[in-house]
Amino acid sequence: MRWSKALIPTHKEDPSDAETTSHKLMLRSGYIRKLTSGVYNYLPLGRRALLKVEAIVREEMDAVGCQEILMPVLSPSELWKETGRWDVYGKELWRVRDRNSREFALGPTHEEVVTDIVRNEVRSYRELPFTLYQIQTKFRDELRPRFGIVRSREFLMKDAYSFHRDEESLDETYKSICDAYTRIFERCSLTFRPVEAATGAIGGSHSHEFMVLSDTGESEIIVCECGYAATDERAEGAVDPHPCDEAPGEMERVDTPGMKTIEQVSEFLGIEPHKLVKTIIYEADGRTVAALVRGDREINEAKLSMALKADLVVPAPPDVIEKLTGAPVGFAGPVGLDGIDVIADHTVEPLVNVVVGGNAQDVHLKNVKPGRDFKVTAFHDIVLVRKGDRCARCGAELNSFRGIEVSQAFKLGTKYSSGMNATFLDEDGVAKPFIMGCYGLGVSRTVAAIIEQHNDKDGIVWPLSVAPFAVEILVVSMKSEECTTLADTLYTDLKTAGVEVLYDDRDDSAGVKFKDADLVGMPLRVTIGARGLKSGVVEARVRKTGEVSEIPVDDAVQGILHILETLR
RNA sequence: CGGGGCGUGGCGCAGCCCGGUUAGCGCGCCUGCUUUGGGAGCAGGAAGUCGGAGGUUCGAAUCCUCUCGCCCCGACCA
Numbered sequence: 001m002r003w004s005k006a007l008i009p010t011h012k013e014d015p016s017d018a019e020t021t022s023h024k025l026m027l028r029s030g031y032i033r034k035l036t037s038g039v040y041n042y043l044p045l046g047r048r049a050l051l052k053v054e055a056i057v058r059e060e061m062d063a064v065g066c067q068e069i070l071m072p073v074l075s076p077s078e079l080w081k082e083t084g085r086w087d088v089y090g091k092e093l094w095r096v097r098d099r100n101s102r103e104f105a106l107g108p109t110h111e112e113v114v115t116d117i118v119r120n121e122v123r124s125y126r127e128l129p130f131t132l133y134q135i136q137t138k139f140r141d142e143l144r145p146r147f148g149i150v151r152s153r154e155f156l157m158k159d160a161y162s163f164h165r166d167e168e169s170l171d172e173t174y175k176s177i178c179d180a181y182t183r184i185f186e187r188c189s190l191t192f193r194p195v196e197a198a199t200g201a202i203g204g205s206h207s208h209e210f211m212v213l214s215d216t217g218e219s220e221i222i223v224c225e226c227g228y229a230a231t232d233e234r235a236e237g238a239v240d241p242h243p244c245d246e247a248p249g250e251m252e253r254v255d256t257p258g259m260k261t262i263e264q265v266s267e268f269l270g271i272e273p274h275k276l277v278k279t280i281i282y283e284a285d286g287r288t289v290a291a292l293v294r295g296d297r298e299i300n301e302a303k304l305s306m307a308l309k310a311d312l313v314v315p316a317p318p319d320v321i322e323k324l325t326g327a328p329v330g331f332a333g334p335v336g337l338d339g340i341d342v343i344a345d346h347t348v349e350p351l352v353n354v355v356v357g358g359n360a361q362d363v364h365l366k367n368v369k370p371g372r373d374f375k376v377t378a379f380h381d382i383v384l385v386r387k388g389d390r391c392a393r394c395g396a397e398l399n400s401f402r403g404i405e406v407s408q409a410f411k412l413g414t415k416y417s418s419g420m421n422a423t424f425l426d427e428d429g430v431a432k433p434f435i436m437g438c439y440g441l442g443v444s445r446t447v448a449a450i451i452e453q454h455n456d457k458d459g460i461v462w463p464l465s466v467a468p469f470a471v472e473i474l475v476v477s478m479k480s481e482e483c484t485t486l487a488d489t490l491y492t493d494l495k496t497a498g499v500e501v502l503y504d505d506r507d508d509s510a511g512v513k514f515k516d517a518d519l520v521g522m523p524l525r526v527t528i529g530a531r532g533l534k535s536g537v538v539e540a541r542v543r544k545t546g547e548v549s550e551i552p553v554d555d556a557v558q559g560i561l562h563i564l565e566t567l568r
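Counted the way my numbering counts, the first sequence spans residues 1 to 568.
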């Protein structure tokens, strides 16, 4: 591609509305442009990077025997109502109507659609197992799109769905696809880590996420030196108890005007946060419950929903809280909270003389003792594990990292097949629901993750495997006919040799071109200038290392191919 | 949805508080000449309904009301 004819609008300055490195760089280097919040145009370089990642994903999926299909973006609401997700998925599901007011969803994921295909077409266990996948634009009306294409409302995703006769078969495919994911991310030169994950809204029994390690990641992962790694939602760990051997005192009412948060109450009363108990009111599948955790800790809603055996657990809206506690949000407590279940974390059990909300405005209670002053329906592990807690497996201290979630795999079991009456006839003549797995991989997000990990102060530093072009030819001055003739020839010869080349043939000053070359980040830059030609060489510079080699003009193609080989 | 911030040529910003002629600056863009090894120089030039609507005023980018859009924090979330 000749730069002079290409749409590669680079900018000298950072855009004002970008925060993260990858977002800034993709905008500055002319890879993407925002159309509206969370919706992006991919310009030529961005499109090429996306296609590179897509090709790797396709190769590895095909290599483990998956079959590519293409399902529609548009799917009728009836299908979503069959599984209940029309209601459960919430506002994130992008809904549209046709001219007859019939409702549709813009697909955020395709369990329903693929299950519909399979229930219509597959009858016998003899046809199992198999995996279908697609690479397609997905829509999610995110509450808060951010970080450019890391979290956008329209994005490119590879989603795969496997169908099985039994769990063993699912386990096998699950593993082979996780292995394929490992190869995909290795080929993208990413530093990543598969971690155990909570199952969330998609459902199912077992899940892993692949996390690209990055400080700008939105996810927190908990890791242990023993090899254990999980998302913070999923992580199990032992929280160090704060021993409490004081003699229990009399429960006492204290005024705490305007003190709503743990920090405020703690500071106001001069009592450490771990001697407070936090009471959060939730709605679990419509049922109101109170969840209790030690004041210095957070509640893990995923664990809470498992403890409650509920599908959907959300913090109760303020009006529900006010009606229940008789106080504004911030003063809820378990004492006298009759009629609803009170679930407490194990860390609450041994405490004495704690402070809790008083269920009245500007009132807390102190010297409260669980079990004596209020009843706990059940103790569960509902605390959010964090750095410094003890590994549940080996007891070592846990560490934490930030990560960008680039893929997630689920063992769905029969959640969708039973809900949609998708069955096959097994060997014993009995109709059974398909056992399913699903495997998502964010293609556009992966592109952003690669840039997040591969950049320097001058711009993007593409790994060769996903670079839009392998080589950029840079002609120092377009006024020198000797240089442009050589560059034209080299451009043609490299293309003939199968090398993807970006040829900066713009009549701009050398400085501009060097800066732009660094910014757009192709792995190898070949500079053609009068200086080198004097001694009959062109200069090849590796973007990543800055390493420069002089290649004789006569041997340029071979020399470049050789260097590219070392970059593989 | 709650909190905060921002909308002024293509990009980045100033001006607004304290209303007053032709709305500035840097970059970019166009023309010409000179340049070309790390964001060139000189000369000339084009380009802005100051996000939109309404209001106050002799007069609004500036003050008021409403509205739309964008960003950040939170809540929420494959």
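No residue lacks a Cβ here, since even glycine has one placed at the ideal position from N, Cα and C.
{"Item": "Helix, strand or coil at Met306 [DSSP, three-state]", "Value": "helix"}
{"Item": "Residue from Leu269, Thr256, Ala180, Ile382 whose Cα sits closest to the Cα of Ala302", "Value": "Ile382"}
{"Item": "Which of helix, strand or coil DSSP assigns to Arg390", "Value": "strand"}
{"Item": "Local conformation of Leu569 per DSSP, three classes", "Value": "Because residue 569 is not part of the residues shown, which for the chain are 1 to 568, the question remains open."}
{"Item": "Nearest neighbour of Thr423, chosen from Lys34, Thr36, Ile117 [CA to CA]", "Value": "Ile117"}
{"Item": "C-beta atoms of Ile435 and Arg146 nearer than 8 Å", "Value": "no"}
{"Item": "Contact check, Ser477 vs Gly532, beta carbons under 8 Å", "Value": "no"}
{"Item": "Extent of the continuous beta strand (DSSP E) run through Met436", "Value": "435-442"}
{"Item": "Buried versus exposed call for Glu13 [16 or more other C-beta atoms within 10 Å across all chains shown]", "Value": "exposed"}
{"Item": "Close beta carbons around Ile50, own chain, < 7 Å, minus the five adjacent residues each side", "Value": "In the sequence under discussion, the amino acid at residue 50 is Leu, which differs from the Ile named in the question. Here the set comprises Tyr42, Leu156, Val443, Ser444, Val447."}
{"Item": "Where Thr131 falls, given that 16 or more other Cβ within 10 Å makes a residue buried", "Value": "buried"}
{"Item": "Nearest-angstrom Cα separation, counted from Val376 out to Ile340", "Value": "10 Å"}
{"Item": "Rounded straight-line distance, which links the Cα of Val557 to that of Val53", "Value": "26 Å"}
{"Item": "Bridge partner(s) assigned by DSSP for Lys138", "Value": "Phe155"}
{"Item": "Boundaries (first-last residue) of the alpha helix (DSSP H) holding Leu324", "Value": "318-325"}
{"Item": "Whole-angstrom distance between Met211 and Phe192, CA atom to CA atom", "Value": "5 Å"}
{"Item": "The region 392-412 in contact with the region 243-256 per 3-pair CB rule at 8 Å", "Value": "no"}
{"Item": "For Leu213, the first and last residue of its enclosing beta strand (DSSP E)", "Value": "206-213"}
{"Item": "Distance between beta carbons of Val501 and Pro523, contact taken as under 8 Å", "Value": "12 Å between Cβ atoms; not a contact."}
{"Item": "Phe374 to Gly336 span [Cα, whole Å]", "Value": "7 Å"}
{"Item": "Paired residues, beta bridge with Gly459 - DSSP", "Value": "Asp456"}
{"Item": "Proximity to Glu267 [Cα-Cα], best of Glu565, Arg506, Val355", "Value": "Val355"}
{"Item": "Minimum length 4: unbroken alpha helix (DSSP H) runs contained in the region 219-274", "Value": "262-269"}
{"Item": "Cβ shell of Val379 (< 6 Å), same chain only, five flanking positions each side left out", "Value": "Val is not the amino acid found at residue 379; the sequence shown has Phe there. Correct list, in chain order: Ala344, His346, Glu349."}
{"Item": "Helix, strand or coil at Thr566 [DSSP, three-state]", "Value": "helix"}
{"Item": "C-alpha gap between Leu27 and Thr10, whole angstroms", "Value": "8 Å"}
{"Item": "Where Leu93 falls, given that 16 or more other Cβ within 10 Å makes a residue buried", "Value": "buried"}
{"Item": "Which of helix, strand or coil DSSP assigns to Gly559", "Value": "helix"}
{"Item": "With 16 other Cβ atoms within 10 Å as the buried cut-off, status of Arg97", "Value": "exposed"}
{"Item": "The region 399-418 contacting the region 206-223, beta-carbon criterion three pairs below 8 Å", "Value": "yes"}
{"Item": "Beta-bridge pairing of Trp94 - partner residues as DSSP gives them", "Value": "Leu106"}
{"Item": "Integer-rounded CB distance, given that Phe331 should sit under 8 Å from Gly358", "Value": "6 Å"}
{"Item": "Minimum length 3: unbroken beta strand (DSSP E) runs contained in the region 477-539", "Value": "501-504, 524-528"}
{"Item": "Separation of Cys483 from Arg183, as counted between CA atoms", "Value": "42 Å"}
{"Item": "Under the three-state DSSP convention, the category Asp341 falls into", "Value": "strand"}
{"Item": "Segment contact, 8 Å Cβ cut-off, at least three pairs: the region 63-80 with the region 105-122", "Value": "yes"}
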